[in-house]
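Residue numbers (this note's numbering): 7 to 377. Worksheet: one structure, shown below.
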Ligand code: SF4
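This is the structure:
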């Protein structure tokens, strides 16, 4: 499925900031959830009747909306936008706030994909980066999700947590696959400037090489359990790939609502200011950074995104047909040089990253984007 349009809602609430987090989210503003929902519904009125094929509630912590506000939000979105052709609807939840009632409401509102912020099944690792849930809560959330009949249950795991070893990670993966998840996102811990983790890094933080080794072992484990490594950080059983994110990587359109949400809509890229209180005051007036890429820059960006898709890769015929051969000629030259140097694989129609080297693909992306 290509050329679909996705709807993303950024829910910026968290109970407490995790030590490594540099996403736009706020701790301790839960008294404003209701006003936030009203603001999103007001922002969406500018798009009345627009059809979307996927819906993704991300954050932050969408499960902090609570069942009543979640119901109000989804109901309001359905009233305003055309969500009659939704092929997938996802909500991210964290184990400490994914109550039975919230999960039941989620199913009732037609959400069929649950993404659980498990992060680790070791309490030591969770505590060491300030996560407030415990492994047992994550397992309970996944069990509940199974009983409620979500089409796809996904878990996020972090590679490179302080003191992490293959044995603990392997046991976590055994438990998750045993619980029947169909999708897993594996993210490497990165120490971002300005976070508490950067200010006081624990002594048992893993080196980049140790992270890469764990990532490789985890990938091999998942592949032995029938998971397809379909994107750099994402693994899925066949038919359970995330359609909403696939649309990003295929260069499709998406609209983001909520503070700090990014959009690629009607050929333009823009985002809402990361300012929660300004958003509540004037939800429709937060757009900034509007950018319309030229054809060659657009083709290079799409090539970079498509290279992230390890199984699909970047099909040169399709890219040339979309952007015109004259606009991709230089880009193909750069890709060809990288394939000759052994950094990419080319099979006569598509370029692909080398799966064992995905964690070091940044220089390849920089070269793709350079003109
Ligand atoms: S729960 Fe997620 S968004 Fe919130 S602080 Fe932790 S990592 Fe950041």
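In this text, a Cβ means the ideal position worked out from N, Cα and C, and glycines have one as well.
Residues 314 and 364 of the same chain have their beta carbon placed closer than 6 Å to that of residue 238, with the five preceding and five following residues left out of the count. Boundaries of the beta strand (DSSP E) around residue 294: 293–297. Residue burial annotation: residue 33 is exposed, with fewer than 16 other C-beta atoms found within 10 angstroms of its C-beta. Beyond the five residues adjoining it in sequence on each side, residue 208 comes within less than 7 Å, by CB distance, of 134 and 168 in the same chain, given in chain order. In this structure, residue 64 lies near residue 98, with their beta-carbon atoms less than 8 Å apart.
Each of 43, 21 and 15 was checked against the Cα of residue 287, and the nearest Cα belongs to 43. Closest by C-alpha distance to residue 361, out of 297, 16 and 224, is 224. Per DSSP, the beta-bridge partners of residue 194 are 165.
In terms of Cβ geometry, residue 53 and residue 87 form a close pair [threshold 8 Å]. Counting the other Cβ atoms within 10 Å of the Cβ of residue 236 gives 16 or more, which makes it buried. Ranked by how close their Cα comes to the Cα of residue 275, the residues 89, 283 and 303 have 303 in first place.
Taking all protein chains shown into account, residue 354 has fewer than 16 neighbouring C-beta atoms within 10 Å of its C-beta and is therefore exposed. Annotated three-state conformation of residue 239 is coil, per DSSP. In terms of side-chain proximity, the C-beta atom of residue 67 is found nearer than 7 Å to a non-hydrogen atom of the ligand SF4. Residue 102 is a Cβ neighbour of residue 143, given a cutoff of 8 Å. A heavy atom of the ligand SF4 is found nearer than 7 Å to the CB of residue 123. Residue 260 is a Cβ neighbour of residue 11, given a cutoff of 8 Å.
Rounded to the nearest angstrom, the gap between the Cα atoms of residue 100 and residue 254 is 23 Å. Excluding its 5 nearest sequence neighbours in each direction, residue 23 has C-beta neighbours in its own chain below 6 Å: 33, listed in chain order.
Judged by DSSP in its simplified three-state form, residue 244 adopts coil rather than helix or strand. At a cut-off of 4 residues, the continuous stretches assigned as alpha helix (DSSP H) that sit fully inside the region 262–341 are 282–287, 301–313 and 322–329. When secondary structure is reduced to three states using DSSP, residue 19 falls in the strand class. In this structure residue 25 is buried. Its beta-carbon is surrounded by 16 or more other beta-carbon atoms within 10 angstroms.
In this structure, residue 190 lies near residue 233, with their beta-carbon atoms less than 8 Å apart. Under the 10 Å beta carbon count, residue 90 is surrounded by fewer than 16 other beta carbons and is classified as exposed.
Here the region 279–293 does not lie against the region 335–344, with fewer than 3 beta-carbon pairs under 8 Å apart.
Counting along the chain, the unbroken beta strand (DSSP E) around residue 61 starts and ends at 60–65.
Between the ligand SF4 and residue 86, a heavy atom-to-CB distance of less than 7 Å is absent. The shortest C-alpha to C-alpha distance from residue 117 to any of 157, 147 and 192 is the one to 157.
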